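As you go down the protein sequences, you meet chains R and Z in turn.
Positions 2 to 82 (this note's numbering) are the ones given, in order, by the first sequence.
Positions 12 to 146 (this note's numbering) are the ones given, in order, by the second sequence.
To start, the structure itself, in structure tokens.
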Amino acid sequence: MLVLSRKRNETIIIKGKDGEDIKIILVDTERNKSRIGIEAPKGYTIIRGELLTEIKDINKKSVLKDIEKEEIKRLINGQNK
Amino acid sequence: MDKTNKIRLKGKIIGFEEFTNYLLESPFGKSSPFRLLSCTDENIAFIVINPYSVLNDYSFCVDDSVFRELQDNSGKETIGVLCIVIVQDKNLYVNLRSPLIINTATGKFTQIILQNEKYSISFPINVHKNGKNKK
């Protein structure tokens, strides 16, 4: 991994092969926290890293267990009334 | 959805990238909820619902690249949106943050992640009876 030191308002550019660059700017910094601005071309989804982990976890929790099937039918039928 | 209430889908669910073939069926004879079953592992099954039945003003922007990914050479395109249901302690939640975008004409789908933080990954649904929104 490339690690760079940046002062406030300094930027990092990730040069895209097709000329579409991603720009990262250090907006503000405190002791344990930094605010980072990101500009990316269309087609990029910018999210916090932990969100992807949370979505993976919740997808895993969403897999039906046999015990749940009847319960879901009851709840969903109730909800549609 | 044809007369048998089943369609084949091809795509990936986040965290389940090794599974790409699914069957979407309508077990209760209604348009939603559906059951999404893996064609390769019978232990992988999800309940998915029409998010507009939970939040009628649910809306988001999708990049063109998502639609391009779902297209095939036929040029057919009918886009549907479904969200995965989570069951926890007899309560139902729905993941509105990462909906499934489905081209119902080709059967291709993808699970996207919304950049907008407006929608929760576990939005409670069985507290919304009769369309009342308590939140």
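Note that beta-carbon positions come from the ideal geometry of N, C-alpha and C, so glycine has one too.
All values derive from a computational prediction rather than experimental measurement.
Query, Result
"If you reduce the DSSP assignment to three classes, tell me which class G22/Z lands in.", "strand"
"Answer yes or no: does any C-beta atom of chain R fall closer than 8 Å to that of G26/Z?", "yes"
"D19/R lies in the beta strand (DSSP E); which residues open and close that run?", "Segment: none, D19/R is in no beta strand (DSSP E) and carries neither H nor E."
"Using CA coordinates, which residue listed in N127/Z, T115/Z and K119/Z is at the minimum distance from S109/Z?", "N127/Z"
"Alpha carbon to alpha carbon, how far is K43/R from T12/R? Give it in angstroms, no decimals.", "20 Å"
"Between the beta-carbon of G150/Z and the beta-carbon of T121/Z, is there less than 8 Å?", "Here chain Z covers residues 12 to 146 and nothing more, so residue 150/Z does not appear."
"For V1/R and chain Z, any beta-carbon pair shorter than 8 Å?", "Nothing can be reported for residue 1/R, as the shown portion of chain R is limited to 2 through 82."
"Measure the C-alpha to C-alpha separation of G38/R and V28/R and round it to an integer number of angstroms.", "6 Å"
"Using 8 Å as the Cβ pair cut-off and three pairs as the minimum, do the segment 92-110 of chain Z and the segment 44-58 of chain Z touch?", "yes"
"Roughly how many whole angstroms lie between the Cα atoms of P62/Z and Y69/Z?", "7 Å"
"Give the residues from the segment 31-55 of chain R that approach chain Z closer than 8 Å (Cβ to any Cβ), ordered along the chain.", "K43, G44, T46, I47, I48, L52, L53 and E55"
"Looking only at C-alpha atoms, which of N16/Z, I60/Z, L20/Z and I18/Z sits nearest to I63/R?", "As written in the sequence, residue 63/R is Ser, which differs from the Ile given in the question. Selected option, being the one with the closest Cα: I60/Z."
"Quick one: list the residues of chain R neighbouring I55/Z, beta-carbon separation under 8 Å, in chain order.", "V64"
"At which residue ranges does the segment 42-103 of chain Z contain complete alpha helix (DSSP H) runs of 4 or more residues, listed in the order of the chain?", "75-81"
"Distance check for A56/Z and F30/Z, CA to CA, integer angstroms please.", "11 Å"
"Per DSSP, Q122/Z is paired with what?", "L111/Z"
"Please report the straight-line C-alpha distance between K129/Z and G17/R, rounded to a whole angstrom.", "30 Å"
"Using a cut-off of 9 Å between C-beta atoms, extract the partners of I124/Z located in chain R.", "T46, I48, L52, L53 and I56"
"Look at the Cβ atom of I97/Z, then the Cβ atom of N106/Z, and state whether they are nearer than 8 Å.", "yes"
"Do you know how far the Cα of E51/R is from the Cα of I14/R?", "23 Å"
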